[in-house]
Ligand code: SF4
Ligand code: SF4
């Protein structure tokens, strides 16, 4: 039957692959299995076979595409600039369109609808808090054990920052920064939002967290829900219509917003051109002297690069500049930035592979000799904390900078 949707991988996306194999050693699923069908090249070949009519979208195709982490490590090293992430999103949309099932429909409800409804997220937060406090990790199913074990201590009544405005402190005139609150970031990672807002204010920005915004749609996109992804994107287009700068403090959300053009055309391109990760904005303010470099030495911090920061957004130097300005010595744990195995819902859908990758990343942190880890993405943070245990602290780079700023001058 071939492809049936307009979002399918295109001929030019697939033809760009010259089968050189340079991506293979960088692909976590190929490294885990040694199988060509679990490599970027193999996956692109299978997509081409469907496009040319030699194969079809069936359960085998679903399994092989579903095993991909969508980490995009392959894109960074590809000499032919194959847009693998876009092609894989297209393949997942085809799978969702051609292999409808009750499970898939239920997942679509979660990632395309419920995740964008604040009261649903509050109810989920209350449930997760109850589980976090009352069920020992060993009794939890393996699919959620690491995620629940890796949660920050959840608040009883999560406060939302949506609809808030904050004036600049000290400096002014940097303009207005509109912050994406996100779906899980808002109820589960309030401390990261606080650090983001406070550091932006001290960089001279007026900070707004616009009303009417919703989940960025990354989870829906990764699951092949084109309709849900576009619905969420359109809500954000109108919520952020008047923004000149859109700031995210979750790498996965930033990467997806920067590719809104793939989903909602020109309006999406315009929004994408205004998006920056908070580490980009803060590093810029440190470089031009709006924020200070703090010279009290604070020890080592192991740097974990979320795939959607390092591979999708190509941001590597900025988180290091931010923690260094806070007085920390950034320690490299993985020169190639292999995925930690969190990857959105991957830990639930492929718990074994996710666990193996999480364990490898935890071992790299242990080898660094640091008990503090900087990570700029909520999923990676939970995965790391879940594997490292309570003796280690995992925090966002901007949180570390905000804490150092407060310690240097509590009146700031
Ligand atoms: S996105 Fe990641 S897991 Fe998927 S093929 Fe590329 S490197 Fe491998
Ligand atoms: S590096 Fe690029 S061109 Fe080479 S096999 Fe991988 S995807 Fe294809």
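In my numbering, the protein residues as written are 250 to 661. Beta carbons: idealized from backbone N, C-alpha and C, even for Gly. In this text, all values refer to a predicted model and were calculated from it rather than measured experimentally.
What alpha helix (DSSP H) runs, 4 residues minimum, are completely inside the stretch 342-411?
With a minimum length of 4 residues, the continuous alpha helix (DSSP H) runs that stay inside the stretch 342-411 are 351-357, 367-383, 391-398.
May I ask you to verify whether the stretch 625-642 touches the stretch 529-537, counting CB pairs closer than 8 Å and requiring at least 3?
No contact exists between the stretch 625-642 and the stretch 529-537.
Report yes if the C-beta of residue 339 is less than 6 Å from at least one heavy atom of ligand 2; otherwise report no.
Incorrect: residue 339 has no Cβ contact closer than 6 Å to ligand 2.
Taking 6 Å as the cut-off, is the C-beta of residue 268 nearer than that to any heavy atom in ligand 2?
It does: the Cβ of residue 268 is within 6 Å (strictly closer) of some heavy atom of ligand 2.
Entirely enclosed alpha helix (DSSP H) segments - the stretch 520-577, minimum 4 residues:
Complete alpha helix (DSSP H) runs here, min 4: 527-536, 556-559, 566-574.
How many angstroms separate the CA atom of residue 419 from the CA atom of residue 339?
When only Cα atoms are considered, residue 419 and residue 339 end up about 47 Å apart.
Using C-beta distances below 6 Å, list every residue in its chain close to residue 512, excluding the 5 sequence neighbours before and after it, in chain order.
Around residue 512: 478, 479, 482.
Identify the residues that DSSP records as bridge partners of residue 331: which are they?
For residue 331, no pairing in a beta bridge is given by DSSP.
Could you compute how far the alpha carbon of residue 623 sits from the alpha carbon of residue 591?
Distance between the alpha carbons of residue 623 and residue 591: 16 Å.
Among 541, 427, 450, the one whose alpha carbon lies nearest that of residue 485
If we check each option's Cα against that of residue 485, 427 comes out closest.
Return the residue from the list 285, 393, 341 that minimises the CA-CA distance to residue 271.
When each option's Cα is compared against that of residue 271, the closest is 285.
Can you give the beta carbon distance from residue 430 to residue 458, rounded, assuming they're within the 8 Å contact cut?
With 8 Å as the limit, residue 430 and residue 458 qualify as a contact, their Cβ atoms being about 5 Å apart.
Separation of residue 521 from residue 509, as counted between CA atoms
For residue 509 and residue 521, the gap between their C-alpha atoms comes out near 6 Å.
Inter-stretch contact at 8 Å, needing at least 3 Cβ pairs: the stretch 400-417 / the stretch 440-447
Using a Cβ-Cβ distance cut-off of 8 Å, the stretch 400-417 and the stretch 440-447 are in contact, since at least three pairs of beta carbons, one from each stretch, lie closer than that value.
Let me know if residue 498 comes out buried or exposed under the rule of 16 or more other beta-carbons within 10 Å of its beta-carbon.
Per the 10 Å Cβ criterion, buried.
According to DSSP, which residues form a beta bridge with residue 497?
Answer is 526, bridged to residue 497.
Any heavy atom of ligand 1 within a distance shorter than 6 Å of the CB on residue 502?
Result no, Cβ not under 6 Å from ligand 1.
Between the alpha carbons of residue 543 and residue 267, how many angstroms are there, rounded?
A straight-line Cα-Cα distance of about 48 Å links residue 543 and residue 267.
Would you check whether ligand 1 has a heavy atom nearer than 6 Å to the C-beta of residue 322?
Result yes, Cβ under 6 Å from ligand 1.
When 416, 358, 277, 260 are compared against residue 595, the one with the closest alpha-carbon:
Among 416, 358, 277, 260, the Cα nearest to that of residue 595 is on 277.
For residue 613, tell me which candidate among 600, 603, 584, 593 has the shortest Cα-Cα distance.
Closest by alpha carbon: 584.
Measure the Cβ-Cβ separation of residue 662 and residue 634 and say whether it is below 7 Å.
Here the chain covers residues 250 to 661 and nothing more, so residue 662 does not appear.
Among 364, 557, 576, 562, which one has its Cα closest to the Cα of residue 550?
When each option's Cα is compared against that of residue 550, the closest is 576.
Between 579, 387, 390, 378, which has its C-alpha nearest residue 400's C-alpha?
Ranking the options by Cα distance to residue 400, first place goes to 378.
Beta-carbon separation of residue 589 and residue 562 under 7 Å?
Result no, Cβ atoms of residue 589 and residue 562 do not sit closer than 7 Å.
With distance defined between alpha-carbon atoms, name the residue in 417, 389, 383, 388 nearest to residue 403.
Taking each of 417, 389, 383, 388 in turn and checking the Cα distance to residue 403, the smallest one comes out for 383.
Which residue or residues does DSSP assign as beta-bridge partners of residue 415?
456, per the DSSP bridge assignment.
In chain order, what residues of the same chain lie with their CB nearer than 7 Å to the CB of residue 363, ignoring the 5 residues before and after it?
For residue 363, the CB contacts under 7 Å within the same chain, skipping 5 residues up- and downstream, are 369 in chain order.
For residue 646, which of helix, strand or coil comes out of DSSP?
Note: residue 646 maps to helix in three-state DSSP.
Using the C-alpha atoms, what's the distance from residue 641 back to residue 621?
Distance between the alpha carbons of residue 621 and residue 641: 6 Å.
Nearest-angstrom Cα separation, counted from residue 425 out to residue 314
Their Cα atoms are separated by approximately 41 Å.
In whole angstroms, what separates the C-alpha of residue 303 from that of residue 252?
Their Cα atoms are separated by approximately 12 Å.
Does at least one heavy atom of ligand 2 sit under 6 Å from the Cβ of residue 382?
Residue 382: no, Cβ never under 6 Å from ligand 2.
For ligand 2, I want to know if residue 317 counts as a neighbour, meaning its beta carbon is within less than 6 Å of at least one of the ligand's heavy atoms.
No; taking the cut-off as 6 Å, the Cβ of residue 317 has no heavy atom of ligand 2 nearer than that.
Should residue 655 go down as buried or exposed, given a rule of 16 or more other Cβ atoms within 10 Å for buried?
The C-beta of residue 655 has fewer than 16 other C-beta atoms within 10 Å across all chains shown, which makes the residue exposed.
Taking 6 Å as the cut-off, is the C-beta of residue 432 nearer than that to any heavy atom in ligand 1?
Incorrect: residue 432 has no Cβ contact closer than 6 Å to ligand 1.
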